[in-house]
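From first to last, the protein sequence lines stand for chains A and B. Using the numbering used here, the first residue of the first sequence is number 1233, and each one after it goes up by one. Using the numbering used here, the first residue of the second sequence is number 269, and each one after it goes up by one. Just so it is clear, CB atoms sit at the ideal spot from N, CA and C, and this is done for glycine as well. All figures in this text were calculated on a predicted structure; none of them were measured in a lab. For reference, the structure discussed in these notes is given below.
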Amino acid sequence: MSVDLATVKRVAHLARIALSDEEADRMMGELNGILGFVEQLSEVDVSGVEPMTSVTPMAMKKRQDVVTDGGKADDIVANAPETDRNFFLVPKVVE
Amino acid sequence: MSELTSLTIAEARAKLAAKEIKAVELTEAYIQAIEAANDVINAYVTVTGDKAREMAKASDARIAEGKAGALEGIPLGIKDLFATRDVHTQACSGILNRFKPKYESTVTQNLWDDGAVMLGKLNMDEFAMGSSNETSHYGPVVNPWKASGSNQQLVPGGSSGGSAAAVAAHLCAGATATDTGGSIRQPAAFTGTVGIKPTYGRCSRWGTVAFASSLDQAGPIARDVRDAAILLKSMASVDDKDTTSVDIPVPNYEAALGQSLKGMRIGIPKEYRVDGMPDEIETLWSQGIAWLKDAGAEIVDISLPHTKYALPAYYIVAPAEASSNLARYDGVRYGLRVDGKDIADMYEKTRAAGFGTEVKRRIMIGTYVLSAGYYDAYYLRAQKVRTLIKRDFELAFNDVDTILTPATPSSAFGIADEDLASDPVKMYLNDIFTVTVNMAGLPGLSVPAGLDAKGLPLGLQLIGRPFEESTLFKTAHVIEQAAGRFTPAKWW
């Protein structure tokens, strides 16, 4: 399978990465190189094989549903580009 | 001063305990070594000199009180992927511009709890995506090794290139690193250092910037096998904050060193003899086999039939997980923000400006293979292949105790190599011998075993059963005893 320019632009939008036409063109060549490389997986017989979901055979650890941390609003917004009274600020979303 | 920085962790530990040296002297010697070297080596992206001096002073106080920890007063470098409280943590990416976390990763907290001293944050490929440390936002790291008679600057490997270079150039006593497809073992091999990626679940991933969560593992890069064993003992833990942290106590790895290999069975997988592999790598491998045989181990030919599919499967699984993990960098909660005409435009412009080329490429691949209509053909198939790769190892380990392979298909290559820059897949092939181990979640160790004709270090890799890191240390120690240790001639 290979990707065309329209697909590259659609995927870039899904990934929320702005690409110039020139970048999209270069990316198309590189993605097709990588997709060509992974194409060899199609020769493996995977019938009846379970997909791996956990690399170590273990049940996920669970903990009591209790509050163990919190009260750190100042810390949480400390690295944000724009904040106001412990809220994250974003451009207007709803008119 | 240079005498102090030439001490291994074990040697410094003994001298500190015997009060022959002070932690503050040792730390000062490293700070001076970094100041003298970092302009050319570029291993550190931040040096935390004041903090290091403070920590060393506290170590001296604890030593005087008889309360020394296992790493008391040992100066370490920390890969920029580990969150360190109020200290530069950017995974060497522009998108985490000026990020200083308000929390500490479990791995680094374990080190500080044992008395270690932080010298600073180490350079790496952006988000650990790379095999040459050239994708870093902070520029490439220069390998302290040069080919004999050549002045060409070589890469230290990646993604933990800063860690490997700093250890090889004696700019820290040891370093933390991480390995998703070979990022500890390949740079260790390129710099004549020892690196171990432990079993998945051995080191907590909490507070480590995520790349591919089902593959990422932290581990140390050190000057010798003993130091690597000492560091891993402190880094590893059982951690409730990481649901994939495994509930098995951490053994004393150092105790395995010097144990006999008599009766051990070492597997030699025929699939690792790849086309176009340099004769020198083949010779190194044979030499490793001979050393282990001399030490009393039995050599067994084995087959890992799905080996060649590990790298292509990795380049589906790792980018898929990365595209999901890196979705969080949106210019809202931390790091860079580039304003746009609306929120979607702000996201797209921020991510376009903040991510480097290799990271964008992998996010794009990941997004594509997870997108509607392609999931089964790519991601699901890759995860099935992964099951087969793991099964290969399980069958092999019914018969052998550990597996010996080359660590890399070549020695270190030049910075800005045109051949590699023009084709991403060629760069990916660096991980051909290491990536299988991540796909199966196994422990893998790279130990220096010799120099090639150009005088550059080459490494051998040992692969073990889950949680049998001690077996790897024991076996690597035998190789180290036979091969000797390798230090670059100082030119910086």
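With the criterion set as a beta carbon lying under 8 Å from some beta carbon of chain A, the members of the stretch 717 to 747 of chain B are P734, in sequence order.
The beta carbon of B/A650 falls within 9 Å of a beta carbon belonging to chain A, placing the residue at that interface. A Cβ of chain B is located within less than 9 Å of the beta carbon of A/N1311. When secondary structure is reduced to three states using DSSP, B/K287 falls in the coil class, being assigned neither helix nor strand.
Scanning B/T655, B/G544 and B/K722 for the CA closest to the CA of A/V1281 turns up B/T655. Close to A/A1250, with beta-carbon spacing below 7 Å, are these residues of chain B in chain order: E616, K617 and A620.
Annotated three-state conformation of B/Y312 is strand, per DSSP. Looking at B/T702, B/T467, B/P455 and B/P692, the one whose alpha-carbon comes closest to that of B/A680 is B/P455. When the beta-carbon positions are compared, B/W474 and B/D515 stay at least 9 Å from each other. A Cβ-Cβ separation of about 4 Å places B/T635 in contact with A/A1247 under the 8 Å criterion. Excluding sequence positions up to five before and after B/V653, its CB lies within less than 7 Å of the CB of H574, Y577 and A581, all in the same chain and listed in chain order.
Beta bridge pairing from DSSP links B/I489 with B/A443 and B/G463.
Between B/Y406 and B/G535, the alpha-carbon positions lie close to 41 Å from each other. Contacts with chain B (Cβ-Cβ distance below 7 Å) from the stretch 1279 to 1292 of chain A involve V1281, E1282, P1283, M1284, V1287, T1288, M1290 and M1292, listed in chain order. Any Cβ of chain B closer than 9 Å to the Cβ of A/E1254 would place that residue at the interface, and such an atom is absent. Residue environment analysis places A/E1275 among the exposed positions, since fewer than 16 neighbouring C-beta atoms fall within 10 angstroms of its C-beta. Considered as a whole, the stretch 548 to 602 of chain B harbours 578 to 593 as its complete alpha helix (DSSP H) runs of no fewer than 4 residues, in chain order. Per the coordinates, the alpha-carbon of B/L572 lies some 19 Å from the alpha-carbon of B/E566. Secondary structure note for B/L663: its alpha helix (DSSP H) is the uninterrupted segment R649 to A664. In the structure shown, B/V693 adopts helical secondary structure according to DSSP, grouped into three states. The secondary-structure analysis by DSSP pairs B/R533 across a beta bridge with B/E566. With a threshold of 16 other beta carbon atoms within 10 Å, A/L1321 falls short and is exposed. Under a 10 Å Cβ-count criterion, A/F1319 is classified as exposed, with fewer than 16 other Cβ atoms of the shown protein chains found around its own Cβ. The continuous alpha helix (DSSP H) containing B/S738 extends over residues E737 to A751.
The Cβ-Cβ distance between B/V462 and B/D492 falls below 9 Å. For the stretch 1261 to 1273 of chain A, the residues whose beta carbon sits under 9 Å from a beta carbon of chain B are, in order, E1262, L1263, G1265, I1266, L1267, G1268, F1269, V1270, E1271, Q1272 and L1273.
The count of Cβ pairs closer than 8 Å, one atom from the stretch 380 to 392 of chain B and one from the stretch 337 to 351 of chain B, reaches three, so the stretches are in contact. Here A/M1292 is exposed: its Cβ has fewer than 16 other Cβ atoms, across all protein chains shown, within 10 Å. Note that the C-beta distance between B/D447 and B/S418 is not below 9 Å. Under the DSSP assignment, B/Q729 falls in the beta strand (DSSP E) whose first and last residues are P725 to G732. Rounded to whole angstroms, the Cβ separation of B/M397 and B/E548 is 28 Å, and the two are not in contact under 8 Å.
Taking a Cβ-Cβ threshold of 9 Å, none of the residues of chain A is close to B/M503; the smallest such distance is about 18 Å. Ranking B/A744, B/T403, B/K287 and B/A590 by CA distance to the CA of B/I557 puts B/A744 first. When DSSP states are grouped into helix, strand and coil, B/I683 belongs to the coil group. For B/V600, the neighbours in chain A by C-beta distance under 8 Å run, in chain order, A1312, P1313, F1320 and V1322. Judged by their CB atoms, B/V693 and B/G449 are not nearer to each other than the 9 Å cut-off.
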